[in-house]
Amino acid sequence: MAALTAPAIVPLIETRGLSRHFGGLKAVERVDFRLERGEIRAIIGPNGAGKTTFVSLVCGRIAPSSGSILFEGRDITAMPAHRRVLEGIAYTFQITSIFPRLTVFDNVALSVQRRLLAAGRVASQALETGVAEALERVGLADRATMLAGSLSYGHQRLLEVAMGLALQPRLLILDEPTQGLSDGEIETFIALVREIAREATVLLIEHNMQVVMELAQKITVMSFGEVLAEGTPEEIRASAAVQDAYLGTGSDG
Amino acid sequence: MSGGARIDGRTLALHLGVIALLLAANWLLPEYHRGVFARVLVLAVFAMGYNLLFGYTGLLSLGHAMFFAAGLYGAGLPVYHLGWGVPLSFVAGIAAGGVLALAIGLLALRTTGVAFMIVTMMFAQVGYLTTLYFTTWTRGEEGLVLTPQMRSIAFTDTTLTLTDPSLRYLIALALFSVVLFLTLRLVRSPFGRTLVAIRENEERMRMLGYDVFRAKLTAVVLSGLFCASAGAAYGLLFGYVGSGFASIQYSILPLLWVLAGGAATTLGPLVGTLFMFYVIDYTSGITTAYLMLVGVALILLILFFPRGILGTVRERWLKWLP
Amino acid sequence: MAFGPYLLLATLEGLVTAAVLALTALGLSLVFGVMRVVNVAHGEFFMLGAVLAWGVSTAFAGHPSIGFAAALLVAPLVVGGVALLSERLVLRRLGYEPEATIVATIGLLYIVQQLALSFYGADARPVQAPFNIRIQLPWFGYSGYKLFVIVAAIMLMIATWFVLTRTKAGLVMRATQYDRETAQAFGIPVDRVYAGVFALGAMLAAIAAVLIVPIQQAHYLMGRDPLLLSFIVVIIGGLGSLRGTVIAALLIGLSDGIISVFFSPTLAKMLATALVAMVLVFRPQGLFGTVAR
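What follows is the structure, encoded as structure tokens:
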């Protein structure tokens, strides 16, 4: 966390002038962004602000119109998405994207397998251990043999997080992870993210202000494809500009 | 699909049992049926190659006749025109299929879904027209007849001629067994898992760090190799190399066999090929329009029975069936 | 004959091919444009039209134009009916899922083709043209009927264009093509639109076949080439686009005719097919790209 003030350390993620246009629509417009190692950063903003587009550019799902992305100082702008995952960037989808016809075990096994393949071979003991660990951390260990499609929505979201964790990423990007979860599930989730943040940097898109205020050390506010403001939760809460653009309606997402 | 990805005892016993039964059939079956089975076994290899791409990877190709034909002509042309020996020609046929599959894969995998189907169909059509165009080498529709002498393998003290029914059957069975076990090993391996997952959710796999294009290309090449080995064997064993095998019909048939037997099952292709072969054999004795059965079968299967015979068995009763 | 007139002759022949091809391809294009369905049996609807034309016209004694007129009326209607039936019984049940639909239409192809084999037989049979006027040009005489085919095809395409752009039915079709969900929300009976479009596509192919059958002969395998050529036209011209279809048909029809005169037809087909496959590989956008709306 001290990395926030030490300029000599290379940031984990840096974007320079990053833009993405769809025809005439400027979804993301010249964003300069820095994310330090070990942070828990939240990106907030009204619908259509470009949050998902921005993180999709970072993880490589879509290609930028202009600008560059650096990961630990290295330019990864041209790197295809699957290579970025191997570099250590994991992404969980806004709309749950799992393998419904496979078991919970098999879902996570694919992540573990990917990690083991990159290191050498896939020994079945290592596979089983890796899956068990990930499932244990999200609390789905007792559901390993169930078909993923038969899980409740909240548990499917947790499965997605488990799949991300099993990759042992350096950066975990969570796209609206608490959407559709019950209050109890959200509490569990907040604890889980705090625990994850001990080993990985977390970048999350959220609409739920309670989650944001509790978890985030720093918040980036986006609006109309640009960064509107950045700061600690208190600074953001106090900012008039942010309130105008987003919080002023009094709703919390 | 679950847990440990090794081949367990039950699965191994099943597959060995099937091979054993087929082996016994060489001496138990009446002559006519043994001949049918020999053909079915080779065509089942074709179907297994198709199943790898369609059933396990989820890519529906409508042009697989070109891989079968690559093997057929790749083996037949050297035998007929260059006087090559059987084993070398067999290898040449397989190699031809592999090279073609690599080229086609690099092009066709840039498309998905319906476009992929159309593109593969069109490339196969070009292949078919090629066999018709170069009539000096291929004799077009009429085809090449490989004489028994061309199809003999000389050893130091004996000569094996591939016209002997028993030898033909055993070689067909040998090829079938090899490809069956290779397929089983493949689908139970991490790569097999990868292919199935790509079929289920390709975008997710990309975001889990998998090089999806590379995996699909590998699947196409493996599929091409298996199908070409069937084509090469078919030409060498049964002595005929003709354009008909490159036509669209031979792209539709493996789809039909795999659908009928059960896509994404290891033994489904054999079951489907055997079943449809006999159904068509029986019907062709009754009417000249027996191909109508292919149409009816396709529609019935896709409407009511998309999992096919072994697919339904696996779903209802034997969940462990690979 | 000198080269100039020879080229003119080849061009006229090409125009006839193009005219019939444009009609056939239009049917395929409409079906894909509105329903997102690739109908591999489209060539068999064409063949069925030709075979029925033979059946109807031979049933009428007297002047061939009576039989022909009857065929022109009956054949498309029957083929439309067959298409409607297949759409209701099969395609709808599959939810128009792309891969399943293709497999089903392949099945339909075999069924229609083999039924024609059973009832019509394996022979190619001629149909008499409704009239036998010969137009005398300065260099050669040309069949008046062939010119009639060109004119008739043009008129039919204008009629289709008119229906699509100026009538309510056409508007409904285009709305469904543009955005199926919104169309449903507006109360458009999408199911019925689909049934209608599928039948219309088949009928266009059938009419084209009736027009061409006095020039060619009716044979149970005659659906193959029109299918392939229609595919080529639709891919190059862009689906659902009337203008694109006409232009591409002109291009293909004319060049096919001219090339076949100078080169081997097999080679021409090979090159055409390979070219179109490459177009699909390297320029897939807007043709068969992701379509979910």
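Going down the list, the sequences are from chains A, B and C. The numbering of the first sequence is the numbering used here, which starts it at 92 and goes up by one. The numbering of the second sequence is the numbering used here, which starts it at 2 and goes up by one. The numbering of the third sequence is the numbering used here, which starts it at 15 and goes up by one. Beta carbons: idealized from backbone N, C-alpha and C, even for Gly.
Check, Outcome
"Below-9 Å beta-carbon distance, residue 195(B) vs any chain A residue", "yes"
"Any chain B beta carbon closer than 9 Å to residue 189(A)", "yes"
"Residue span of the alpha helix (DSSP H) that contains residue 94(B), given as start and end", "87-109"
"Sequence ranges, beta strand (DSSP E) only - wholly within the segment 83-130 of chain C, length at least 3", "none"
"Contact check, residue 1(B) vs residue 254(A), beta carbons under 9 Å", "Residue 1(B) is absent from the structure shown; chain B starts at 2 and stops at 323."
"Proximity test, Cβ basis, 9 Å: residue 264(B) and chain A", "no"
"Residue 112(C): contacting residues in chain B (beta-carbon distance under 7 Å)", "114 and 115"
"For residue 286(C), the nearest candidate out of 296(B), 55(B), 20(B) and 124(B) (CA to CA)", "124(B)"
"Sequence-distant residues of its chain with Cβ nearer than 8 Å to residue 342(A) (five each side left out)", "Since pLDDT at residue 342(A) reaches only 46, below the 50 mark, its modelled position is unreliable, and the value read off the structure follows with that caveat. None."
"Residue 74(C), DSSP secondary structure in three states", "coil"
"Per-residue DSSP class, three states only, for residue 291(B)", "coil"
"Residue 105(A) (DSSP reduced to helix, strand or coil)", "strand"
"Interface residues of the segment 284-297 of chain B facing chain C [CB-CB below 9 Å]", "288, 289, 290, 291, 292, 293, 294, 295, 296 and 297"
"Assigned exposure category for residue 240(A) - 16 Cβ within 10 Å defines buried", "exposed"
"DSSP beta-bridge partners of residue 111(A)", "119(A)"
"Closer than 8 Å at the beta carbon, the chain B residues around residue 205(A)", "209, 210 and 211"
"Contact list for residue 182(A) against chain B, beta-carbon separation under 7 Å", "208"
"Cut-off 7 Å between Cβ atoms - residues of its own chain near residue 107(A), not counting five sequence neighbours on either side", "123, 158 and 159"
"Residue 169(C), buried or exposed, once every other Cβ within 10 Å from all chains shown has been counted against 16", "exposed"
"Residue nearest to residue 51(C) in terms of C-alpha spacing, selected from 114(B), 323(B), 271(B) and 91(B)", "114(B)"
"Min CB distance residue 236(C) to chain B below 9 Å", "no"
"Check whether residue 12(B) and residue 145(B) have beta carbons under 9 Å apart", "no"
"Boundaries (first-last residue) of the alpha helix (DSSP H) holding residue 43(B)", "32-52"
"Residue 263(A) - partner residues in DSSP beta bridges", "181(A) and 293(A)"
"Limits of the beta strand (DSSP E) - the one that residue 314(A) falls within", "309-314"
"Assigned secondary structure, residue 277(C) (DSSP; H/G/I helix, E/B strand, else coil)", "coil"
"Status (buried if at least 16 other CB within 10 Å, exposed otherwise) for residue 309(B)", "buried"
"Whole-number beta carbon distance between residue 296(A) and residue 149(A), since they are thought to touch under 8 Å", "Wrong, their Cβ atoms sit about 11 Å apart, outside the cutoff."
"Neighbouring residues, chain B, relative to residue 75(A) (Cβ below 8 Å)", "This structure cannot settle anything about residue 75(A), because the visible part of chain A is limited to 92 through 344."
"Per DSSP, cross-strand counterpart(s) of residue 318(A)", "313(A)"
"For residue 247(B), three-class secondary structure by DSSP", "helix"
"DSSP-derived helix/strand/coil call for residue 125(A)", "strand"
"Integer Cβ distance of residue 128(B) from residue 70(B), believed to fall under 8 Å", "6 Å"
"Residues of the segment 279-292 of chain C with Cβ closer than 7 Å to any Cβ of chain B, in chain order", "280, 281, 283, 284, 287, 288, 290 and 291"
"Where the segment 216-230 of chain B meets chain A: residues whose CB sits under 8 Å from a CB there", "none"
"Secondary structure, beta strand (DSSP E): runs of 3+ residues fully inside the segment 170-218 of chain A", "180-183"
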